[in-house]
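Chemist: Chains as they are written, first to last, in this note's numbering: chain P, 765 to 1168; chain E, 450 to 1111. All C-beta atoms, glycine included, are put in the ideal place defined by N, C-alpha and C. As the structure is a prediction and not an experimental result, all values here were calculated from the model.
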Amino acid sequence: MIDTSPNRANSTPDPASITAPKASVFVWVFLASAVVAGGISAAGWSVEPRRFAFSYVIALTFVISMGVGSLAWLMILHVAGAVWSQVVRRLLENLTRPLAWNLLLFIPLAMNLSRLYVWADSSQRTTDPELMRKAIWLNPPLFDARSAFYLAAWSILAGLLCRGSTRQDTTGNHELIGRMRRTSMWGLILLGLTTSFFSFDWIMSLDPHWSSTIFGVYFWAGSLVGSLAALILLTLGLRASGKLDGLVTIEHMHELGKLLIGFVIFWAYIAFCQYLLIWYANFPEETRWYVIRRSGNWNELSWSLLFGHFVTPFFLLLPRANKRDPFWLGFIAILIIVFHYADLYWLVMPTLNTESFKPHWLDLSVAASLISFYCAIVAHACRTRPPVPIGDSRLTEALAFENP
Amino acid sequence: MNERIKEYGGAAPIEPSLIEGGHDFASLTDLVSGLVELPTPRWWWIIFSICAVLLVIGGLMSVYVISTGIGVWGMNSPVGWAFDITNFVFWVGIGHAGTLISAILFLFRQKWRSSLNRFAEAMTLFAVACAGLFVTIHLGRAWLFWYLIPAPNSISIYPNYRSALSWDFAAVATYATVSTMFWFYGLIPDLATLRDRAEGGIRRRIYGLLALGWRGSGRHWHNYESTYLMLAGLATALVVSVHTIVSFDFATSVIPGWHSTIFPPYFVTGAIFSGLSMVITLIVPLRVLCGLKDLVGPRHLEVLCKLILATGMLLSYGYMIELFNAWYGGSPMERFVFYNRMTGPYAWCYWTMMVCNVFIPHLFWFRWFRTTPWAMFLVAICVNVGMWFERFVIVVTSLHRDYLPSSWGMFYPTWVDILLLIGGFGLFSTLFMLFIRLLPMVALSEVKAILPAANPHHSPAPNPRHETEEAEASRETSAPASAGVFDGPPHCALARFDGPGELLEAVKRLVAAGYRLLDTYSPFPIHGMEKALMLKRSKVPMFTLAGGIFGFTFAHSLQWYQSAVAYRLDAGGKPINSPEAFVPITFETMVLYAAFGAVAGMLLLNGLPRLYHPVFRGRSFTRATGDGFFLAVEARDPKFDQSATTALLAEAGGKEIELLHA
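#1: In chain order, what residues of the same chain lie with their CB nearer than 7 Å to the CB of E:Ile-496, ignoring the 5 residues before and after it?
#2: Taking all protein chains shown into account, do 16 or more other C-beta atoms lie within 10 angstroms of the C-beta of E:Tyr-852, making it buried, or fewer, making it exposed?
#3: Answer with buried or exposed for P:Ser-781, where buried requires no fewer than 16 other C-beta atoms within 10 angstroms of its C-beta.
#4: Of the choices P:Glu-894, P:Trp-1067, P:Phe-979 and P:Gln-1038, whose alpha-carbon is the least far from that of P:Asp-965?
#5: Taking contact to mean 3 or more Cβ pairs, one atom from each stretch, closer than 8 Å, check whether the segment 1080-1092 of chain P and the segment 1037-1057 of chain P are in contact.
#6: Go to E:Ile-1106, then tell me how far its alpha helix (DSSP H) extends in each direction, as first and last residue.
#7: Going along chain P, which residues have a C-beta under 8 Å from E:Tyr-1042?
#8: Run through the segment 956-997 of chain E for me and flag every whole alpha helix (DSSP H) of 4 or more residues, listed as ranges in chain order.
#9: Report buried or exposed for E:Tyr-861, applying the criterion of at least 16 other Cβ atoms within 10 angstroms of its Cβ.
#10: Since E:Leu-952 and E:Leu-1080 should fall inside the 8 Å C-beta cutoff, what is the C-beta to C-beta distance between them, to a whole number of angstroms?
#11: What first and last residue would you give for the alpha helix (DSSP H) that runs through E:Leu-943?
#12: Could you tell me which residues DSSP pairs with E:Leu-1080 in its beta bridges?
#13: Thinking just about the alpha-carbon of each residue, which of E:Ala-1043, E:Pro-705 and E:Phe-699 is nearest to the one in E:Tyr-715?
#14: In three-state terms, what does DSSP make of E:Asn-1055?
#15: So E:Gly-1000 and E:Thr-969 are supposed to be a Cβ contact under 8 Å. How far apart are they, rounded?
#16: Along the chain, where does the alpha helix (DSSP H) containing E:His-692 start, and where does it finish?
#17: Please tell me whether E:Ser-690 and E:Phe-1036 are closer than 9 Å, where the distance is taken between their beta carbons.
#18: Tell me whether E:Asn-833 sits in a helix, a strand or coil according to DSSP, three-state version.
#19: Give the straight-line distance between the Cα atoms of E:Ile-586 and E:Leu-504, rounded to the nearest whole angstrom.
#20: Leaving aside the five residues before and after E:Ala-1013 along the sequence, list all residues of the same chain whose C-beta is less than 8 Å from its C-beta, in chain order.
#21: Where does E:Val-528 sit, in a helix, a strand or coil, going by DSSP?
#22: Is there at least one Cβ from chain P nearer than 9 Å to E:Glu-751's Cβ?
#23: If you run the structure through DSSP and keep just helix, strand and coil, what is E:Gly-542?
#24: For P:Trp-1067, go through chain E and note every residue whose CB falls closer than 7 Å to its CB, in chain order.
#25: Have a look at E:Leu-772, E:Pro-794 and E:Arg-491 and flag the residue whose alpha-carbon is nearest the alpha-carbon of E:Arg-784.
#26: For P:Gly-951, report the span of its alpha helix (DSSP H) as first-last.
#27: Do E:Gly-542 and E:Leu-574 come within 9 Å of each other at the CB atom, strictly closer than that value?
#28: Pairs of beta-carbons, one from the segment 655-672 of chain E and one from the segment 627-641 of chain E, closer than 8 Å: are there three or more?
#29: How many angstroms separate the CA atom of E:Gly-858 from the CA atom of E:Thr-846?
#30: If contacts are defined as beta-carbon pairs under 8 Å, then P:Ser-829 and P:Gly-986 qualify, I think. What distance do you get, rounded to the angstrom?
#31: By the three-class DSSP mapping on this structure, what secondary structure does E:Pro-905 have?
#32: Alpha carbon to alpha carbon, what distance is there between P:Leu-1065 and P:Met-1113?
#33: Counting only beta-carbon separations shorter than 9 Å, does P:Arg-1149 have a partner in chain E?
#34: Alpha carbon to alpha carbon, how far is E:Val-728 from E:Met-679?
#35: In terms of residue numbering, what span does the alpha helix (DSSP H) encompassing P:Gly-1026 cover?
#36: Which chain E residues sit within Cβ distance under 8 Å of P:Trp-1043?
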């Protein structure tokens, strides 16, 4: 707990920081679950290495998308300077903390490249003319270097913003607002480029003969909506435990609900544009990607994405009352997170199971392990600092926010 | 912790007001209405004559092209689309910034938009008119444009709903309709202001009819605001869908350089980018000529510049991803198209586009460019030019070198092409000049609502302008209350209050005293009034939803019936029943009917149009749309008692209290 009140003259002991969650039990539960599931997955790695690699890339992309999505929101809030959102800024910062561990988590993936990517297989790379042409971009060393660059860049960006915010807690320095805003400006440019190329490298290149220019935007859309749902869930959880009493009100939740429906629509818009244009132009090399996803029982998963990732949350979020009801908001957030995972699964797994959708216990254990690890880091981060940026001069106004 | 928060919060810098020059409600009304009411300035005639000359050129060229045929344009095989579609996409794009400012920024509660939205919306309408002109002429036989309407035409076939071109018709037609409606909707309170300021005669009648009998009732404002929010949401969805569908015209094809999945979001950003620079191009001179510097200050311009920078970078992202994918993707033709754009005979167009759209906007990183009007004007001109060239590059360079070198060719514009391009600007600017003379170019009621004095909790500074008047008024209060002409049963007691805060307090007081049939009249919606009047949530969203459901069902079944049942025509190998291809038109129609529902909801719930109402007889009631704040207690209220009610109104601070008869 970074409690700085003793350093400040005239400052009364800070009630909220004293009631800082003593229950580190969540951190330990999550860590234990990560270790257990991780152990099972490691066993799976030795039994079915190929399946493990695919499950791993889905789960890791999932937690990364949550982290980069939160980072994007955080920077958008800094750049836009929106007042009401200051109350959730600290929670967004906490959601970006796991980004610092991604370089470590990347190692198992780097060890499995040739099991995942056709282009990483040297026999293919030297025979397929298209792969030979692309080899200067799609080759293992450069892939590793690029991935390391993306992961390091996100970790540094998240670190810079968190550090500034922590310093603001103790000093209340106005200049920090401007400094974080400037970091966010170049940070957003960097993040936009790196996340696009990340999605090209990690997901799109699973089928190196297929490409779609909107793919990066599709990844943004999924990450933004998924991380927003995660933020809502985290906020609701902390509210339920009383940590945010008088800080994050139902008015703020309503606002988050409006953003959520906006980005649910945005995801559907991008997904539909990609589908329609490829369906309509009907190039064999492009439609093949969708033909796989619309044959066998992959088709059912495709339909479930339409309903689970768009139609259901859209209609549930439409009434004002639902956006102001923690139960419905939480339910929708969970639904969206589940379908965000399903979306990534749908992007990745048909490369392995081209015939049909075959769930595997490794999918579950790897996801459980990485997600638990992610939650443990976030839970730990929530314990170390006050739940709102108490040094920000806009906070008073943000707390009093009401929907018109 | 709360103490610490307060301690830091107290030191927060106070945000400067968006409206400069110390304006109050009356002076703002005078300023904006004056643009319409005062004699036409000489500069207006000079600019208008130039624009009118350009319009005449455009008109003559349109007649020439339609009567002779589009062979007088420079297009030929393989370049079958050139200036016509370039201009169409350019103008549709310009329109998008108007909707961004009026709708999207409204949803994000950006108060600074209030000074700009009216004229930006007008810009949208006129830009869409230009786009409509070009796309209609390009049909060749323009008089047959009605084939696009879903009615069986003279050869008994229906439109092909699986074609992006009929999607385009639905999109542009819906966009024009909804934008006009949104614009007119926002104008209603300001038209009422002009009506009430008019000395009489034809002017008062025309504005009066257009204002639909708007009287600024608190109950009306309640539904009005709800509809405005609905329309803003719908317009946001619409603006994205329109340029998306315009991009489908290209991206659904199999032409290298056109078929790219990023086209929809990339076209939308490009459209907003170009439209914002058109806003700057127009507002920088106009704020000087029309004396609107107080309303459109440096802060407004700076935000516009930042938005141009942001959308410009998103557009650059689109360019970059396209280039990367041209290399990364498998098609050698795609690679060639991009190589040809950069180095072929149209390379100068490509590099003009790159310099104007990608590099020049970065000047807005420098504060000097964001705060110096003439500098930002120059940057905006560059962006306008660059965005026109972007469309030219996309349309022409993708076509002029076909798959086979034997079918390569060039496009050279003819004099008709060039004069028609100029004529388009003539149409746009003429309409715009007429607009700024005939209608308030700033949304008065919205600008008033962001003045600090509009906040009911703001303590008003004494207003010297009205002091004598008010002294007189308070003397009148002691006079008998029933001063009105008696020609019917009493309708209500009307009192005027000094400001929104006083009015809100008075309403609270009367409600506490048991009055229920109250209504307030104010030039803008007062925050908290719906609660004080104990109004339920507006039912407008229900009307909107009903409209949307109807539009969705209607459009989808129409397309299904005509394509899959009535006239089963194989088009491009698409399935006879293609729900995918029906989505764009279904969406557009849904938005169209939802918007109709929202507006109909406001009119029905408010009982408008209603050109006569007893309160209009109030002696100074014309101020209700300017700077007056009125409270009416209906005679039907069970608690109503002539002397007790007027006494209570006077006690609450009411002035010029009078009894009005029906």
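Modeler: If we stick to the structure as given:
#1: Your numbering for residue 496 of chain E matches position 47 in the second sequence. Excluding sequence neighbours, E:Ile-496 sits near Met-882.
#2: If you number the second sequence from 1, residue 852 of chain E lands on position 403. Burial call: exposed.
#3: By one-based count along the first sequence, residue 781 of chain P stands at place 17. Since pLDDT at P:Ser-781 reaches only 45, below the 50 mark, its modelled position is unreliable, and the value read off the structure follows with that caveat. P:Ser-781 comes out buried.
#4: Your numbering for residue 965 of chain P matches position 201 in the first sequence. Comparing Cα-Cα distances from P:Asp-965 to each of P:Glu-894, P:Trp-1067, P:Phe-979 and P:Gln-1038, the minimum goes to P:Phe-979.
#5: no
#6: As a working note, residue 1106 of chain E is residue 657 in the second sequence. Note, E:Ile-1106: premise wrong, no alpha helix (DSSP H); beta strand (DSSP E) at 1104-1110.
#7: If you number the second sequence from 1, residue 1042 of chain E lands on position 593. Those do not exist, as E:Tyr-1042 stays about 17 Å from chain P at its closest Cβ, beyond 8 Å.
#8: 978-981
#9: Your numbering for residue 861 of chain E matches position 412 in the second sequence. With fewer than 16 Cβ atoms within 10 Å of its Cβ, E:Tyr-861 is classed as exposed.
#10: Working through the second sequence from its first residue, we reach residue 952 of chain E at position 503. Working through the second sequence from its first residue, we reach residue 1080 of chain E at position 631. With a Cβ gap of about 6 Å, E:Leu-952 and E:Leu-1080 count as contacting.
#11: As a working note, residue 943 of chain E is residue 494 in the second sequence. Premise fails: E:Leu-943 lies in the beta strand (DSSP E), 939-946, not in any alpha helix (DSSP H).
#12: As a first step, residue 1080 of chain E is located in the second sequence; it is residue number 631 there, counting from the start. Note: E:Leu-1080 sits in a beta bridge opposite E:Ala-944 and E:Thr-969.
#13: As a position in the second sequence, residue 715 of chain E is number 266, starting the count at 1. Minimum Cα distance to E:Tyr-715 is reached at E:Phe-699.
#14: Taking the second sequence and counting its residues from 1, the one referred to as residue 1055 of chain E is at position 606. Of the three classes helix, strand and coil, the one that applies to E:Asn-1055 here is helix, per DSSP.
#15: Against the second sequence, residue 1000 of chain E aligns to sequence position 551. Against the second sequence, residue 969 of chain E aligns to sequence position 520. Actually they are not in contact, since the Cβ atoms of E:Gly-1000 and E:Thr-969 sit about 35 Å apart, beyond 8 Å.
#16: Position 243 of the second sequence, counting from 1, holds the residue named residue 692 of chain E. That run of the alpha helix (DSSP H) goes 667-700.
#17: In the second sequence, the residue the question calls residue 690 of chain E occupies position 241. In the second sequence, the residue the question calls residue 1036 of chain E occupies position 587. Against a cut-off of 9 Å, the Cβ pair of E:Phe-1036 and E:Ser-690 comes out as a contact.
#18: Here residue 833 of chain E refers to the residue found at position 384 of the second sequence. E:Asn-833 falls in the helix class under three-state DSSP.
#19: Mapped onto the second sequence, residue 586 of chain E falls at position 137. Mapped onto the second sequence, residue 504 of chain E falls at position 55. Those two C-alpha atoms are separated by around 16 Å.
#20: Against the second sequence, residue 1013 of chain E aligns to sequence position 564. For E:Ala-1013, where only same-chain residues beyond five positions count, the Cβ hits under 8 Å are Ile-1025 and Asn-1026.
#21: The count along the second sequence starts at 1 and reaches residue 528 of chain E at position 79. Of the three classes helix, strand and coil, the one that applies to E:Val-528 here is strand, per DSSP.
#22: Position 302 of the second sequence, counted from the first residue, corresponds to residue 751 of chain E. No, E:Glu-751 does not count as interfacial toward chain P.
#23: Here residue 542 of chain E refers to the residue found at position 93 when the second sequence is read from its first residue. Reduced to three states, the DSSP call for E:Gly-542 is helix.
#24: In the first sequence, residue 1067 of chain P corresponds to position 303, counting from 1. The premise fails here: P:Trp-1067 is roughly 12 Å from chain E at the closest Cβ pair, so nothing lies under 7 Å.
#25: Counting from one through the second sequence, the residue named residue 784 of chain E turns up at place 335. For E:Arg-784, the nearest C-alpha among the options comes from E:Leu-772.
#26: Taking the first sequence and counting its residues from 1, one reaches residue 951 of chain P at position 187. Unbroken alpha helix (DSSP H) run through P:Gly-951: 939-966.
#27: For this step, residue 574 of chain E is matched to residue 125 along the second sequence. For this step, residue 542 of chain E is matched to residue 93 along the second sequence. It is not a contact, given that the beta carbons lie outside the stated cut-off.
#28: yes
#29: What you label residue 858 of chain E is simply residue 409 of the second sequence in a count that begins at 1. What you label residue 846 of chain E is simply residue 397 of the second sequence in a count that begins at 1. Near 10 Å, if we compare the C-alpha coordinates of E:Thr-846 and E:Gly-858.
#30: Taking the first residue of the first sequence as position 1, residue 829 of chain P is located at position 65. Taking the first residue of the first sequence as position 1, residue 986 of chain P is located at position 222. About 6 Å separates the two Cβ atoms, so the contact holds.
#31: Translated into the one-based positions of the second sequence, residue 905 of chain E becomes position 456. Here E:Pro-905 sits in coil by DSSP.
#32: Here residue 1113 of chain P is taken as the residue at index 349 of the first sequence, counted from 1. Here residue 1065 of chain P is taken as the residue at index 301 of the first sequence, counted from 1. Distance between the alpha carbons of P:Met-1113 and P:Leu-1065: 11 Å.
#33: Counting from 1 along the first sequence, the entry for residue 1149 of chain P is found at position 385. Answer no: the Cβ-Cβ gap between P:Arg-1149 and chain E never drops below 9 Å.
#34: Taking the second sequence and counting its residues from 1, the one referred to as residue 728 of chain E is at position 279. Taking the second sequence and counting its residues from 1, the one referred to as residue 679 of chain E is at position 230. Spanning the two alpha carbons is a distance of roughly 24 Å.
#35: In the first sequence, counting from the first residue as 1, residue 1026 of chain P sits at position 262. First-last of the alpha helix (DSSP H) with P:Gly-1026: 1014-1045.
#36: What you label residue 1043 of chain P is simply residue 279 of the first sequence in a count that begins at 1. Those within 8 Å of P:Trp-1043 in chain E are Glu-1029.
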